[in-house]
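One structure is given below, encoded as structure tokens.
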Amino acid sequence: MQKNKSGQMKIQQMAFMLIAVTLFFALVGLFIVNVLFSGLKESATVLEEKNAILLASKLANSPEFSCGDSFGTSRVNCVDFDKTMALKKNVKAYSDSDFWGVSGIEIVKIYPLTQGNTLCTVENYPNCGRLEVLKASSGTGVSNFVALCRKENVEGLVQNKCELAKIVVTYKDAGS
Amino acid sequence: MRQKRYEKGRKGQEENRNFSNLNFSGKRKSTKAQEEIVGFALIIIIVAVVILFLLSFSLKNSEKESVESYEVDSFIQAALQYTSQCEINARNQSVQDLIFDCVDNEVCSNEMDSCEVLNSTLRGIVGESWKTSQNTPTKGYELVVKGNNNEILMLKEGNATNNYKGGLQSLTKSSDSIEISLNVYY
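So the sequences go chain by chain: A and B.
Residue numbering for the first sequence follows my numbering, starting at 6 and increasing by one per position.
Residue numbering for the second sequence follows my numbering, starting at 1483 and increasing by one per position.
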């Protein structure tokens, strides 16, 4: 009878121990899965962000926006303001076919800030501060610095004039 | 008398037997304790391995930095193309040209010193692009322009924190070499 009781106690102890060990490993497993998945989500966001920043740079250097050799030498991170203004008129063809794969493209002047936040139109060009190439409805915006260059007539002489601007690209979030 | 001696002897034998029993259970307890210590050590090792695994995962996040410093590099490239107010040979000089003019001590057509124009232009560009305050992500910046290894311009604003992104651009024109470095503190 005594031996029987002690055996039962041992079985109970083992059962409790097994439950405790299972619970412990289940909790550790949950913790690891949680960390792994949060990292995965974060890395997806970082990748999306990186792609968007690179896309901003890629867009600035694409034939539709880039200065090319129009301003003397070949330039990087240079947006041709005159060309972009002309592109704005025909942007529907690009937006309909989702040519750039983004929901919005905007060019914002940083320096000099003489025209403030005035939206660029054919009437006020080039005395404006913001050019909306592709109007974004929603999404996350990332930006990159670019030189915004145009040709200017100064006392009968055509001169190159470059200002500092940011190209803002809006992309749809991975989750949405 | 004989009876007494016999009883004493019996008692002694019984005590000896009990003592050896005690010794045996002590040994058993000691082995059990050792087993428990080994189990405990195993659990600690498992937990340590799990923690190390998690730590290695959390310390792997250096990719974001390289993406963000790309922005500083782009800024330097764009700022170098900015057209300044300094006119030399009927042409407004870009910041890049202005740096070389400053190294060569050139004077603009409006009698302004090229280094002065460079200073005011870069101050405006950097100040407007990286606005520093306690409420903005950018806490400070430091721009250094070196010409032939001599510092020709240094702009510093805000606080220098341990978290910063940097960019470096080197330019060469005939015998002059220029180095522009920018650190943005977050």
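Note that the Cβ used here is the ideal one computed from N, Cα and C, for glycine as well.
{"Query": "Per-residue burial, Leu64(A) [other beta carbons within 10 Å of its own, 16 or more giving buried]", "Result": "buried"}
{"Query": "Simplified DSSP state of Thr1565(B), which is helix, strand or coil", "Result": "strand"}
{"Query": "As assigned by DSSP and simplified to three states, the class of Lys15(A)", "Result": "helix"}
{"Query": "Per-residue DSSP class, three states only, for Ser142(A)", "Result": "coil"}
{"Query": "Buried or exposed (CB count within 10 angstroms, at least 16 for buried), Met90(A)", "Result": "buried"}
{"Query": "Start and end residues, beta strand (DSSP E) containing Arg1573(B)", "Result": "Arg1573 to Ser1576"}
{"Query": "Coarse secondary structure for Val1529(B), derived from DSSP in three states", "Result": "helix"}
{"Query": "Interface flag, Thr1565(B) vs chain A, CB-CB below 8 Å", "Result": "yes"}
{"Query": "Three-state secondary structure assigned by DSSP to Glu1482(B)", "Result": "In the structure displayed, chain B extends from 1483 to 1668; residue 1482(B) sits before or after that span and is not available."}
{"Query": "Backbone CA spacing between Thr1513(B) and Gly1521(B) [nearest angstrom]", "Result": "12 Å"}
{"Query": "Closer than 8 Å to chain A by CB, Tyr1668(B)", "Result": "no"}
{"Query": "Whole-angstrom C-beta distance between Ile58(A) and Val163(A), which should lie under 8 Å", "Result": "Contact flag wrong, Cβ pair sits at about 34 Å."}
{"Query": "Check whether Ser1663(B) and Gly1648(B) have beta carbons under 8 Å apart", "Result": "yes"}
{"Query": "8 Å Cβ cutoff, Ser62(A) in contact with chain E", "Result": "The structure shown contains no chain E; its protein chains are A and B."}
{"Query": "CB contact check: Gln164(A) to chain B, cutoff 8 Å", "Result": "yes"}
{"Query": "Short Cβ contact (8 Å threshold) for Val174(A) with Val107(A)", "Result": "yes"}
{"Query": "Same chain, Cβ closer than 8 Å to Tyr1668(B), five either side skipped, listed in chain order", "Result": "Pro1619, Thr1620, Lys1621, Thr1643, Asn1645, Tyr1646 and Lys1647"}
{"Query": "CB contact flag (Val1599(B), Cys1568(B), <8 Å)", "Result": "yes"}
{"Query": "Members of the stretch 1566 to 1582 of chain B near chain A, C-beta cut-off 8 Å", "Result": "Ala1572, Arg1573, Asn1574 and Ser1576"}
{"Query": "Burial state of Gln1575(B) (16 or more Cβ within 10 Å)", "Result": "buried"}
{"Query": "Test: Glu168(A) CB closer than 8 Å to a CB of chain B", "Result": "yes"}
{"Query": "Where the stretch 1602 to 1614 of chain B meets chain A: residues whose CB sits under 7 Å from a CB there", "Result": "Gly1606, Ile1607, Glu1610 and Ser1611"}
{"Query": "Burial state of Ser1596(B) (16 or more Cβ within 10 Å)", "Result": "buried"}
{"Query": "Residues sharing a beta bridge with Tyr1667(B), DSSP", "Result": "Gly1622(B) and Tyr1646(B)"}
{"Query": "Neighbouring residues, chain A, relative to Gln1559(B) (Cβ below 7 Å)", "Result": "Val81 and Asn82"}
{"Query": "Straight-line gap, Tyr99(A) to Cys83(A) (C-alpha atoms, nearest Å)", "Result": "21 Å"}
{"Query": "One or two residues paired with Thr1513(B) in a DSSP bridge", "Result": "Beta-bridge pairing links Thr1513(B) to no other residue."}
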